[in-house]
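Residue numbers (this note's numbering), protein chains in the order written: chain A, 4 to 82; chain B, 575 to 1035. Ideal Cβ positions, reconstructed from N, Cα and C, are used throughout, including at glycine.
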Amino acid sequence: MHSARLKQHTGNILFALAVTTALPLAPAHAYLDAGSISMALQVTVGAIASGLMIGKLYLHRIMSFLGLRKAASDEAKKD
Amino acid sequence: MMFDPGSFRDPSGRVLMRDSRVLRAVFEHGRAAFEAADSAGVLRRAIDKGLLLDMQPVDPAVVAGIVPTPVHVIEHPRLDFVSYPYEWTFSALKAAALHHLDFQLDLLEQGFTLSDATAYNVQFNGPRPVFIDHLSVIPYEEGSLWTGQRQFGMQFLNPLVLWAKRGIAPNAWFRGSLEGIAPEDLEPLLRTRDKLSFTVMAHIVAQARLQRAVVKAGFENKPKAAAKLSKTAFKAILVGLKDYIAGLNLPETKSVWSDYAVHNSYDDTRRSAKHEFVAKLVREEAPGLFFDVGCNSGDFSATALDAGAGAVVGFDFDFGALERAFARFTKSGQKMLPLWLDAANPSPAQGWASAERKSFGERAKGDSMVALALIHHIAISRNVPLDQAVDWLMAMAPTGIIEFPNKDDVMVRELLSNRPDIFPDYTEEAFVAHVSARGRIVEQTRLGDSTRLLVRYDSRT
């Protein structure tokens, strides 16, 4: 449980650093309406989100295999 | 016949009222998307799952004469009460956000998506959210971007983050800014530790910084052509938001589901007599829509529902009490929706043409109401003349019960303890006279030797 949290936090911090350091160097998009700005980032956000989702899935499988977390089917039953 | 003044943004169709029927006209612009969703069974399945408000096709002749001429007309069941996100509790906003994401994910599985992400398209049946805009459902095109991302952030994610991370209720801000809270306005309020999450970084911090960078860089260049977002990446964004929002909680109410102590100035006998007085009103009037003004955590709403009220909408100023009420009725499954209301400053009519979002007064038309332990807060704490307070309360429903605590009451004494008594007209006799001037007093009761008088009125002629 702790290692999962630690990993998640490490990932989040790395991403935070990446975004904040990359942004000032990013090419100016000049005029964009506010909606386009969110969409300009969407592909990057989507790629990272996919990575995180796969990561979570694998982490979950590993934790289940090691008996550190309930299997997915048990979690689903709770819902 | 009039179009609903809040339904004008989407050229695909408009909502209109005819007698008391809620109709939606689908115009040529929205024909293809609506017919695709309808014929694929997507809308019906969403209705059956409780995600989407029910609909029935009706003959377009019922709206003959409207311009443009509709290609389809559908009818929806009337909602008990239309509420706005700036009146919702934290848990209601969270439930609405998760509902939107669930619906979006469900649609994506079937090759459809939502054209926007406005919180005003979610309404409540009791504490249960339901999506109400059938024309927002459009076919999904592989690679298309999520057009509603910024709107979702401004109207769902950002207010929730402000509430959960900083303990600040966003309602007053949201009410003044109907489109919600922009990431560039929220970001400076967040601490470093609030930002240590992919969701906050990606959906708030990065958005805000890019916005600032863009403004700083000037407006000369055209934006780049939009890239493609794969369906997998789109789903990952939605699932990520769902997981993050599901984990958000109010800082001070982690145990909202647990039992809580009820603090009030009554003993049990008086309380049960008061509950019986409310139950009797409900049994005799059988109200479809019942208002509980000053509902607290919903004790008397529960009594009204148990006695047969169709649906209860409760109002209170205290977010803690509203949270407890929302949790309680989510658990019981009863139709009670607790909403935030400052009685001395109810929601105004606002938005485009000052009509897009209706005022509290326009919407607050119930069959029956109770205002228990409330009127002294309006008349004394807020200096509203007693006759006006009675007017305001009795305008909400033709039948109801108002409780009047006199100046000997411990709570009233408390209100007057630190201020001069400038309320010579705050008397039981004056109160009874004000009610009598506006309706018939059906019954009144004093509970034991109580300093509180319960008056049941009927203002129908």
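The beta strand (DSSP E) with residue i in it runs from where to where?
i, result
"residue 646(B)", "646-650"
"residue 1019(B)", "1014-1020"
"residue 599(B)", "595-600"
"residue 745(B)", "Unbroken run through residue 745(B) is the alpha helix (DSSP H), 745-750; no beta strand (DSSP E)."
"residue 630(B)", "630-632"
"residue 692(B)", "Note, residue 692(B): premise wrong, no beta strand (DSSP E); not H, not E."
"residue 711(B)", "711-713"
Along the alpha helix (DSSP H) that carries residue i, what are the first and last residues, could you check?
i, result
"residue 807(B)", "805-820"
"residue 723(B)", "723-726"
"residue 591(B)", "Looking at the DSSP string, residue 591(B) is not in any alpha helix (DSSP H); the run it does join, the beta strand (DSSP E), is 587-592."
"residue 621(B)", "616-622"
"residue 675(B)", "664-683"
"residue 655(B)", "Note, residue 655(B): premise wrong, no alpha helix (DSSP H); not H, not E."
"residue 636(B)", "Run containing residue 636(B): none; DSSP gives neither H nor E here."
"residue 779(B)", "Where residue 779(B) is concerned, there is no enclosing alpha helix (DSSP H), given that its DSSP letter is neither H nor E."
"residue 849(B)", "842-859"
"residue 735(B)", "732-740"
"residue 757(B)", "757-760"
"residue 769(B)", "Where residue 769(B) is concerned, there is no enclosing alpha helix (DSSP H), given that its DSSP letter is neither H nor E."
"residue 897(B)", "893-906"
For a quick check, are the C-beta atoms of residue i and residue j less than 9 Å apart?
i, j, result
"residue 975(B)", "residue 949(B)", "no"
"residue 646(B)", "residue 599(B)", "yes"
"residue 634(B)", "residue 642(B)", "no"
"residue 726(B)", "residue 674(B)", "yes"
"residue 755(B)", "residue 744(B)", "yes"
"residue 902(B)", "residue 927(B)", "no"
"residue 679(B)", "residue 816(B)", "yes"
"residue 684(B)", "residue 619(B)", "yes"
"residue 1045(B)", "residue 700(B)", "In the structure as shown, chain B begins at 575 and stops at 1035. Residue 1045(B) is therefore absent and cannot be evaluated."
"residue 918(B)", "residue 958(B)", "yes"
"residue 885(B)", "residue 913(B)", "no"
"residue 818(B)", "residue 771(B)", "yes"
"residue 711(B)", "residue 748(B)", "no"
"residue 596(B)", "residue 653(B)", "yes"
"residue 960(B)", "residue 1008(B)", "yes"
"residue 963(B)", "residue 952(B)", "yes"
"residue 693(B)", "residue 730(B)", "yes"
Based on the DSSP secondary-structure assignment, which residues constitute the bridge partners of residue i?
i, result
"residue 977(B)", "1028(B)"
"residue 1038(B)", "Chain B is shown from 575 up to 1035; residue 1038(B) falls before or after that span and cannot be answered."
"residue 945(B)", "867(B), 976(B)"
"residue 912(B)", "888(B)"
"residue 931(B)", "924(B)"
"residue 687(B)", "712(B)"
"residue 625(B)", "For residue 625(B), which the question treats as bridged, DSSP gives no partner whatsoever."
"residue 576(B)", "591(B)"
Shortest alpha-carbon distance to residue i belongs to which of the options?
i, options, result
"residue 779(B)", "849(B), 609(B), 758(B)", "758(B)"
"residue 808(B)", "39(A), 40(A), 55(A), 49(A)", "49(A)"
"residue 648(B)", "846(B), 805(B), 707(B)", "707(B)"
"residue 1001(B)", "956(B), 619(B), 981(B), 880(B)", "981(B)"
"residue 934(B)", "576(B), 661(B), 642(B)", "661(B)"
"residue 813(B)", "51(A), 40(A), 41(A), 39(A)", "51(A)"
"residue 822(B)", "785(B), 986(B), 752(B), 735(B)", "735(B)"
"residue 852(B)", "1013(B), 973(B), 919(B)", "973(B)"
"residue 923(B)", "638(B), 682(B), 752(B), 866(B)", "752(B)"
"residue 878(B)", "856(B), 920(B), 955(B)", "856(B)"
"residue 631(B)", "639(B), 651(B), 623(B)", "651(B)"
"residue 54(A)", "791(B), 806(B), 640(B)", "806(B)"
"residue 40(A)", "991(B), 721(B), 1016(B)", "721(B)"
"residue 1025(B)", "998(B), 865(B), 978(B), 921(B)", "978(B)"
"residue 1017(B)", "850(B), 724(B), 893(B)", "850(B)"
"residue 909(B)", "956(B), 612(B), 1014(B), 702(B)", "702(B)"
"residue 1032(B)", "990(B), 859(B), 601(B)", "859(B)"
Check the C-beta distance from residue i over to residue j and give it rounded, since I have them as a contact under 8 Å.
i, j, result
"residue 698(B)", "residue 665(B)", "Wrong, their Cβ atoms sit about 11 Å apart, outside the cutoff."
"residue 930(B)", "residue 604(B)", "Wrong, their Cβ atoms sit about 20 Å apart, outside the cutoff."
"residue 696(B)", "residue 670(B)", "4 Å"
"residue 659(B)", "residue 667(B)", "6 Å"
"residue 844(B)", "residue 1021(B)", "4 Å"
"residue 940(B)", "residue 970(B)", "6 Å"
"residue 868(B)", "residue 889(B)", "7 Å"
"residue 624(B)", "residue 704(B)", "7 Å"
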